[in-house]
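K.L.:
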Amino acid sequence: MKIAVLVKQVPGTESPLPIQSNQNWVDEGAVAYVMNESDNYALEEALQIREANDEGEVVAVSLGPDRSQKVIREALAKGADRGIHIQLDTAGMIDPLVTASYFADTFKDENFDLIFTGLQSDDLGMGQTGIILGELLGMSTASMAMATEVGGGKIKVKRELEAGWFQWVSLSLPASVSIQSGLNVPRYPSLKGIMGAKKKEIKVVTPSVANQSQSVEKVYVPQSDKQTVMIEGSVEQIVGKLVETFRNEIKVL
Amino acid sequence: MDILIVLEDSNGKIHRMGLESIVGAQKMAEELGLSIGALVMGANVDLLAEEASGLNVGEVLKVENELLSTYSADGYAETVKQVIEQENPTYVIFGHTYQVRDYAPKVSAKLMKPFIVDNVSVTTNGGNSVFTKLMFNGKLFSDVTPTGDGPYLISFQSAAFSSEKADVGSAPVRDCTVNLDVSMIRTESEEPFQEEAGGIDLTSADIIVSVGRGIGKEGNIPLAKELAQALGGELASSRPVVDAGWLPAAHQIGSSGQSVSPKMYLALGISGAIQHVVGMKGSKNIVAINKDPEAPIFEIADYGVVGDVLEIIPKLTEGIQ
Ligand SMILES: Cc1cc2nc3c(=O)[nH]c(=O)nc-3n(C[C@H](O)[C@H](O)[C@H](O)COP(=O)(O)OP(=O)(O)OC[C@H]3O[C@@H](n4cnc5c(N)ncnc54)[C@H](O)[C@@H]3O)c2cc1C
Chain A
570 MKIAVLVKQV PGTESPLPIQ SNQNWVDEGA VAYVMNESDN YALEEALQIR EANDEGEVVA
630 VSLGPDRSQK VIREALAKGA DRGIHIQLDT AGMIDPLVTA SYFADTFKDE NFDLIFTGLQ
690 SDDLGMGQTG IILGELLGMS TASMAMATEV GGGKIKVKRE LEAGWFQWVS LSLPASVSIQ
750 SGLNVPRYPS LKGIMGAKKK EIKVVTPSVA NQSQSVEKVY VPQSDKQTVM IEGSVEQIVG
810 KLVETFRNEI KVL
Chain B
110 MDILIVLEDS NGKIHRMGLE SIVGAQKMAE ELGLSIGALV MGANVDLLAE EASGLNVGEV
170 LKVENELLST YSADGYAETV KQVIEQENPT YVIFGHTYQV RDYAPKVSAK LMKPFIVDNV
230 SVTTNGGNSV FTKLMFNGKL FSDVTPTGDG PYLISFQSAA FSSEKADVGS APVRDCTVNL
290 DVSMIRTESE EPFQEEAGGI DLTSADIIVS VGRGIGKEGN IPLAKELAQA LGGELASSRP
350 VVDAGWLPAA HQIGSSGQSV SPKMYLALGI SGAIQHVVGM KGSKNIVAIN KDPEAPIFEI
410 ADYGVVGDVL EIIPKLTEGI Q
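Those protein sequences? They're chains A and B, same order as listed.
Residue numbering for the first sequence follows this note's numbering, beginning at 570 and increasing consecutively.
Residue numbering for the second sequence follows this note's numbering, beginning at 110 and increasing consecutively.
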């Protein structure tokens, strides 16, 4: 079983996101990057499948500028066998068709049985790359996996539906599956893993730049018309005002 | 037609988000002088077609095919692709449902046309549509435009428009034929199911104390539980708390969990991502405590506290007792 996992470097949940003065994008120099949350679950799922079958290969692939190699190294430290870095300045690049095409070109001769992606990235939130990639490579696809079972030339996927519903879907291989957070417990890299990762190969490819079919005009901070009563002061004062609000305004005490 | 709206079956009715997206399409049609059609598909969609014909949509296209009797990404993507090729719309509009997330990207890939997703609004600028979507987990807005020739695939976020505004009409229904073959469908689906809720029904609670990742660690959950008890309310959470195994899945509020509208929703260390907000924005009073003054939860909160939940929760429990 040869599995590709797409891992993306995105701003962490508590990272600052200053907007560039031309409003085209965020100032990436000020951002604290981490591995996209659902990608981390996708990686874990791939590693568990490889371990359960005692054979196969997990390849961590990231598209982005040089800094992206950090998430590939992290994946290698957790147990991925090798990495591929599609080197590209992605600032403001939002077209999943283009992104998926770069991966498809890179994967032409790889013959992966499975491609796992997180269900969406915490920056752009497009949620399409893995599915488009599967389609471009002629694979079957499924999204939002909350469990997987591999066997008999198939992958069975427990798809998350809306409002707490699920559905099992069986896909013929090769398949591209997007992974929802929470389906496993992602591991931390061991010290041995971190040391070993340094010796693992990261192949760097540079694609020729393609035209985008959608583009960002500007980014800005949301404004809301909602009047929020802000409760301020010392912790004691805040607690006092909250209790009073619960009692006299909301009337739940 | 210029705008094709793709409607989804939700237990024999048009999915709420489809109705909402009709309102968005109507706005575009009005501002740009465009015509609208709505597509329903399945093995037997008379009822859906009838419901759609009662809306102000110009006409209703009906695709009936045995291979669409149960949902499959392959079958639905191929159907929508063929209808687009037959009808040549400039815009194809969807509600951003989980089903649309599953198959619409395939349509985008088949046609090599953009899918601009999860928009909260659309405006017109110089005769073109500009779509506004949330990025960076709800922290920033971004205005996005398609480039190149249509068709452009567009989806609208839950509650981007109020479905009550979907105008009444009497649209004619037209049968459409697509060519599907069993070999095109590479998946087999089982029946949808719901997991055991473990006796937790948050929908009838008057007071909900809900914890997010900001609670820090599993060991802090009892603090929130005690606060919920002091208030006589129920304990709920955002997804990461469930993902981490700190609370069972039945506690999750949001698009994948329960939707609630209590008298008071106390959000503790929850950022306010849309997938959470759709499950609680109907609450009568939203009180948010978050250490980040720019957290999106404050955009919908009635009362807000910028502060550390770990400091505030125990004292608040005490204060109530
Ligand atoms: C298809 C899909 C479905 C999803 N379904 C759901 C769903 O049903 N429900 C759901 O909740 N999410 C869902 N999500 C995930 C959602 O997008 C968010 O990732 C999630 O809601 C974030 O949870 P959070 O606010 O707890 O965590 P974060 O976004 O990490 O926010 C944590 C917050 O805590 C604050 N904080 C940290 N420490 C403290 C402190 N000591 N005191 C005060 N504040 C602090 C931070 O400032 C931050 O705002 C879904 C996502 C997708 C893509």
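Glycine residues also receive a C-beta, built at the ideal position from the N, C-alpha and C atoms.
State the Cα-Cα distance for the pair B:Ile316 and A:Gln806, rounded to the nearest angstrom.
P.N.:
Numbered from its first residue, the second sequence carries residue 316 of chain B at position 207. Numbered from its first residue, the first sequence carries residue 806 of chain A at position 237. Computed Cα separation, rounded: 23 angstroms.
K.L.:
Check whether the Cβ atoms of A:Thr717 and B:Ala182 lie closer than 8 angstroms to each other.
P.N.:
Translated into positions along the first sequence, residue 717 of chain A becomes position 148. Translated into positions along the second sequence, residue 182 of chain B becomes position 73. Cβ atoms of A:Thr717 and B:Ala182: not closer than 8 angstroms.
K.L.:
Is B:Asn329 near ligand 1, judged by its Cβ being under 7 angstroms from some heavy atom?
P.N.:
In the second sequence, residue 329 of chain B corresponds to position 220, counting from 1. It does not: the Cβ of B:Asn329 is nowhere closer than 7 angstroms to a heavy atom of ligand 1.
K.L.:
Out of A:Ser750, A:Gly809 and A:Lys820, state which residue places its alpha-carbon closest to the alpha-carbon of B:Val350.
P.N.:
Numbered from its first residue, the second sequence carries residue 350 of chain B at position 241. Answer by Cα proximity: A:Ser750.
K.L.:
With B:Val115 and B:Phe203 assumed to form a contact (beta carbons below 8 angstroms), what rounded beta-carbon distance in angstroms separates them?
P.N.:
Mapped onto the second sequence, residue 115 of chain B falls at position 6. Mapped onto the second sequence, residue 203 of chain B falls at position 94. Rounded, the Cβ-Cβ distance is 5 angstroms, consistent with contact.
K.L.:
In chain A, which residues lie less than 8 angstroms from B:Met221 when you measure between Cβ atoms?
P.N.:
Residue numbering aside, residue 221 of chain B sits at position 112 when the second sequence is read from its first letter. In chain order: Leu666 and Ser782.
K.L.:
With contact counted as at least three CB pairs below 8 angstroms, one residue from each stretch, are the segment 252 to 265 of chain B and the segment 772 to 783 of chain A in contact?
P.N.:
Contact holds: three or more Cβ-Cβ distances are below 8 angstroms.
K.L.:
Looking only at C-alpha atoms, which of A:Ser690, A:Gly809, A:Ser637 and A:Lys677 sits nearest to A:Ile748?
P.N.:
Reading the first sequence from its first residue, position 179 is the one you call residue 748 of chain A. Of A:Ser690, A:Gly809, A:Ser637 and A:Lys677, the residue nearest in Cα terms is A:Ser690.
K.L.:
What are the boundary residues of the alpha helix (DSSP H) that includes A:Gln578?
P.N.:
Locating residue 578 of chain A in the first sequence gives position 9, counting from the first residue. Premise fails: A:Gln578 lies in the beta strand (DSSP E), Gln578 to Pro580, not in any alpha helix (DSSP H).
K.L.:
Nearer than 7 angstroms: is that true of the beta carbon of B:Pro423 relative to any heavy atom of ligand 1?
P.N.:
Along the second sequence, one-based indexing puts residue 423 of chain B at 314. False, no ligand heavy atom lies under 7 angstroms from that Cβ.
K.L.:
With 8 angstroms as the threshold, decide whether the Cβ of B:Thr188 is near any Cβ in chain A.
P.N.:
Working through the second sequence from its first residue, we reach residue 188 of chain B at position 79. No, B:Thr188 does not count as interfacial toward chain A.
K.L.:
Determine the closest residue to B:Val169 out of B:Lys400, B:Ala134, B:Leu262 and B:Asp284, with distance taken between C-alpha atoms.
P.N.:
Mapped onto the second sequence, residue 169 of chain B falls at position 60. Comparing Cα positions, the closest option is B:Asp284.
K.L.:
At a cut-off of 7 angstroms, is B:Gly323 close to ligand 1 when judged by its beta-carbon and the heavy atoms of the ligand?
P.N.:
Residue mapping note: residue 323 of chain B aligns to position 214 of the second sequence, counting from 1. Checking the Cβ of B:Gly323 against ligand 1 gives yes.
K.L.:
Look up B:Glu297 in the DSSP assignment and say whether it is helix, strand or coil.
P.N.:
As a first step, residue 297 of chain B is located in the second sequence; it is residue number 188 there, counting from the start. Three-state result, B:Glu297: strand.
K.L.:
Taking the beta carbon of A:Leu760 as the centre, do at least 16 other beta carbons fall within 10 Å, making it buried, or is it exposed?
P.N.:
Stepping through the first sequence from its first residue, residue 760 of chain A is reached at position 191. Flag for A:Leu760 reads exposed.
K.L.:
Is DSSP giving B:Asn329 helix, strand or coil here?
P.N.:
Counted from its first residue, the second sequence places residue 329 of chain B at position 220. B:Asn329 sits in a helix when the DSSP states are folded into three classes.
K.L.:
What are the boundary residues of the alpha helix (DSSP H) that A:Gln736 is part of?
P.N.:
On the first sequence, residue 736 of chain A is found 167 positions in, with the first residue counted as 1. Here A:Gln736 belongs to no alpha helix (DSSP H); instead the beta strand (DSSP E) covers Trp734 to Ser741.
K.L.:
Determine which residues of the segment 735 to 769 of chain A have a Cβ less than 7 angstroms from any Cβ of chain B, and write them out in chain order.
P.N.:
If you check each beta-carbon in the segment 735 to 769 of chain A against every beta-carbon of chain B, the ones closer than 7 angstroms belong to Phe735, Gln736, Trp737, Val738, Ser739, Leu740, Ser741, Ser750 and Gly751.
K.L.:
If B:Leu356 and B:Ser346 are in contact, beta carbons under 8 angstroms, what's the gap, nearest whole angstrom?
P.N.:
The count along the second sequence starts at 1 and reaches residue 356 of chain B at position 247. The count along the second sequence starts at 1 and reaches residue 346 of chain B at position 237. With a Cβ gap of about 5 angstroms, B:Leu356 and B:Ser346 count as contacting.
K.L.:
I'd like to know if A:Thr659 contacts chain B, where contact means its C-beta is closer than 8 angstroms to some C-beta of that chain.
P.N.:
Counting from one through the first sequence, the residue named residue 659 of chain A turns up at place 90. Cβ-Cβ to chain B under 8 angstroms: no for A:Thr659.
K.L.:
Could you check whether the Cβ of B:Gly366 sits closer than 7 angstroms to any heavy atom belonging to ligand 1?
P.N.:
To locate residue 366 of chain B, count along the second sequence from 1; it is residue 257. Yes, the Cβ of B:Gly366 comes within 7 angstroms of a heavy atom of ligand 1.
K.L.:
Within its chain, find whatever has a CB closer than 6 angstroms to the CB of A:Val640; leave out the 5 residues flanking it on each side and keep chain order.
P.N.:
Within the first sequence, residue 640 of chain A is the residue found at index 71, counting from 1. If we look at A:Val640 and ignore the five residues flanking it on each side, its Cβ neighbours are Val576, Gln578, Met604 and Ser631.
K.L.:
Once you ignore the five residues that flank A:Ser637 on each side, which residues in its own chain have a CB closer than 7 angstroms to its CB?
P.N.:
For the purposes of this step, residue 637 of chain A is taken as the residue at position 68 of the first sequence. Taken in chain order, the residues that qualify are Gln578, Ser631 and His654.
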